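Participant: Protein chains in written order, with my numbering: chain A, 1 to 381; chain B, 1001 to 1381. Quick one: the structure is below, and I'll ask about it shortly.
Here's what the structure looks like:
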């Protein structure tokens, strides 16, 4: 259990195909994990998710802890029983949401410290739902995730916004490392694995220190956090490279909160195996479709993966009889639902519109990953 | 085309099983038509609809005329092409929505006349979306429905609220009849059939007059309108009986806007073949599930169709691991999504919750109809 086997390596990059085994089945990597924030990937049933190619989903600890509560979920058959999803699940620690949702509207470092007071013991935050006060320690984050029962759980980390001083980042990385040790001690259950998270902002020295630290813990997988908090793409790719070069190649490497199609292409090349992102589902809610083109193929060779973000609420789409992408094999495209129809439904706030677009956007990402794998198999990626 | 064949008659009531043929396939009656207001049955894809047993859907002319517009839909392959639904479709005339949505908040008969001015030529109304003024004539209602391209279209009628004087109802019935004649003259397309609508409130004399009038027009099917505007159940059943007894038994009889499970049971017994209702989908949005029980079996013998309306937002449901109904064969029940899970999703406004409940409620109605048919086949209904 929780073994990682590498099946194939690219000859020209650090990309590889691997298989990670969990109590709920094997995950082939590179893998994209759709995000199910409140207990479902928006509008998608388990059958829909399997239909687009999902093999593992991510659930947000922060949201589920607040509602309906981790103890409730534990009683209802853990997350797998609750959501009726029998493939693997990963839960985040809640850290990212605590810092981003609770500190909304902050103007300065002082604001952040006031809104989300962090001490050595843990972090205090107010629920974004009702303003109620909560205190989460590394041990509590583990206990909550043991109640949720995902296959892969994450250690609580200090998730700072971008733009802070190296000294500030260094001390929070060191705290993250101490929390990590406490998390390992706190963890009791054998049917879950804990992934540690590398932090360090965009400082190479700190990232490498952190990567070495978590690598030495010899846990079954390693994660890289703090890259989806406002950094530019070049910084994200650099951080991915620095960390992946240090993190054991015998274990899956998970880059959290990534990403755009071009980001996926770039980070897999740098040795990343797992990623999650709300973009395909969030963009669908806003009427935006990812559509494959070959226009920008040059940049992405040999993958040939140009794409555009089509805004279906714009007038051009509203009168178009065309499907999203005739080359796509998703339910929405195969059945030729038109741009105009989906656009109409989204304008009318009819959930079927979001659903048809979510199916397509997720399938787009899973097809991208299939293409990446073919390229790796051919040794050309 | 548009032929109605009766396959089986009950020996103990006016219930029968028939088949109505349309350009998009045959419909076996009794049939329930889910309502797709803005171009989709809420949250349901065509595959989902076929999965629960739908063979024909209803689309609302009023909503589609306002947005995206009937001419737009005509250009995009009519409703069948637009919605990617290849089974039969019925459109209403828009009359019901014009009177109910435009006259919201009215206090008196004078208010109604001011808000929805009806003249011999047609009816003026303001869009519930943006307040824009529109004028619909019987001819215009036909032209719009020819643009929409449903298999079955309805004549524009004067849809008054309940509680009006017999004299008032009589004059509006007479106007409805004159409009009907104009509708027949206006209709051009051969691949659609027009159903006339019997009106007359709860006045037996007026209903019988109206039923005789529309019956004499010898159109391929007949409808009974104005029963879902606030009348009590006994009145609805009485109106169904009076009209069904007069309307030719060689043609399908469509009772508009019905209904609750017990209403379906009662009106089929009185010779009704077709009905539509927003209840299964609307209740789902409000967290209410129709669940089969045998408790009130006595009343519904020999169908044995007791049911309860379970409010999933109540605390008892919130902690229940049980599925909606273990005897149900819908996706939601077969996969054992729990009361607590669906309840959680609906509270979180996650569309998957509404979707899972809509699937169940619609399947509940289609199973009811399957049971009714078995009972008719056994000659016992």
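Ideal Cβ placement from N, Cα and C applies to all residues, glycine included. The structure displayed is predicted, hence computed values, not measured ones.
1. In this structure, how does DSSP classify residue 1194 (chain B) when only helix, strand and coil are distinguished?
2. CA-CA distance, residue 321 (chain A) and residue 179 (chain A)?
3. Is any beta-carbon of chain B found at less than 8 Å from that of residue 319 (chain A)?
4. Go ahead and label residue 12 (chain A) buried or exposed: buried means 16 or more other beta carbons lie within 10 angstroms of its beta carbon, across all protein chains shown.
5. Taking the CB atoms as reference points, tell me whether residue 94 (chain A) and residue 157 (chain A) lie closer together than 8 Å.
6. Spell out the partners DSSP gives residue 29 (chain A) in its beta bridges.
7. If you draw a straight line from the C-alpha of residue 1048 (chain B) to the C-alpha of residue 1359 (chain B), how long is it?
8. So that I know if they touch, is there some Cβ in chain B lying closer than 8 Å to that of residue 131 (chain A)?
9. Can you check the segment 1136-1217 of chain B for any beta strand (DSSP E) of at least 3 residues that lies completely inside it and give the ranges in chain order?
10. Could you give the uninterrupted runs of the alpha helix (DSSP H) lying entirely in the segment 108-136 of chain A, keeping only those of 4 residues or more?
11. Closer than 9 Å by beta-carbon distance: list the chain A residues that pair up with residue 1044 (chain B), in chain order.
12. Distance check for residue 1227 (chain B) and residue 1300 (chain B), CA to CA, integer angstroms please.
13. Can you give me the C-alpha to C-alpha distance between residue 1145 (chain B) and residue 257 (chain A), rounded to a whole angstrom?
14. Is there a C-beta anywhere in chain B that falls below 8 Å from the one on residue 376 (chain A)?
15. Return no unless some Cβ of chain A is closer than 8 Å to the Cβ of residue 1205 (chain B).
16. When you compare only the Cα positions, how much space is there between residue 1211 (chain B) and residue 1108 (chain B)?
17. Have a look at A:265, A:197, A:263, A:201 and flag the residue whose alpha-carbon is nearest the alpha-carbon of residue 247 (chain A).
18. Quick check: is the beta carbon of residue 335 (chain A) nearer than 8 Å to any beta carbon in chain B?
19. Is there contact here, the segment 1158-1166 of chain B with the segment 1131-1140 of chain B, by at least three beta-carbon pairs under 8 Å?
20. The beta strand (DSSP E) spanning residue 1348 (chain B) covers which residue range?
21. With distances taken Cα to Cα, identify the nearest neighbour of residue 1305 (chain B) among B:1263, B:1190, B:1345, B:1315.
22. If you run the structure through DSSP and keep just helix, strand and coil, what is residue 244 (chain A)?
23. Three-state secondary structure (DSSP) at residue 1275 (chain B)?
24. Residues of chain A with CB closer than 9 Å to the CB of residue 1077 (chain B), please, in chain order.
25. Starting from the C-beta of residue 1340 (chain B), find all residues in its chain whose C-beta is less than 8 Å away, skip the five residues before and the five after it, and write them out in chain order.
26. Who are the Cβ neighbours of residue 1193 (chain B) in its own chain at under 6 Å, not counting the five residues just before and after it?
27. For residue 973 (chain B), I'd like the list of residues in its chain whose CB is within less than 6 Å of its CB, leaving aside the five on either flank, ordered along the chain.
28. According to DSSP, what are the bridge partners of residue 91 (chain A)?
29. Interface residues of chain B around residue 176 (chain A) at Cβ under 7 Å?
30. For chain A, is any of its Cβ atoms less than 8 Å away from the one on residue 1067 (chain B)?
31. Would you tell me roughly how many angstroms separate the C-alpha atoms of residue 1056 (chain B) and residue 328 (chain A), rounded to the nearest one?
32. Grouping DSSP H, G and I as helix and E and B as strand, with all else coil, what is residue 308 (chain A)?
33. Check the Cβ of residue 355 (chain A) against every Cβ in chain B and list those closer than 8 Å, keeping chain order.
34. Mind pulling the chain B residues with CB within less than 9 Å of residue 393 (chain A)?
35. Taking the alpha-carbon positions, what's the residue 1033 (chain B) to residue 1092 (chain B) distance?
36. For residue 372 (chain A), name the three-state secondary structure that DSSP assigns.
Facilitator: In short, the structure shows the following:
1. strand
2. 55 Å
3. yes
4. exposed
5. no
6. A:18
7. 8 Å
8. no
9. 1152-1154, 1193-1195
10. 109-115
11. 352
12. For residue 1300 (chain B), the predicted model reports a pLDDT of 48, less than 50, meaning its position is unreliable and no value from the coordinates is stated.
13. 48 Å
14. no
15. no
16. 29 Å
17. A:197
18. yes
19. no
20. Element bounds for residue 1348 (chain B): n/a, residue is neither H nor E.
21. B:1263
22. helix
23. strand
24. 321, 338
25. 1317, 1318, 1319, 1320, 1321
26. 1002, 1152, 1220
27. It is not possible to answer for residue 973 (chain B), since the shown part of chain B is limited to 1001 through 1381.
28. A:59, A:153
29. Under the 7 Å cutoff, chain B gives no residues; its nearest Cβ is about 30 Å from residue 176 (chain A).
30. yes
31. 29 Å
32. strand
33. 1043, 1045, 1351, 1355
34. Within the shown structure, residues of chain A are numbered from 1 to 381, placing residue 393 (chain A) beyond reach of any answer.
35. 12 Å
36. helix
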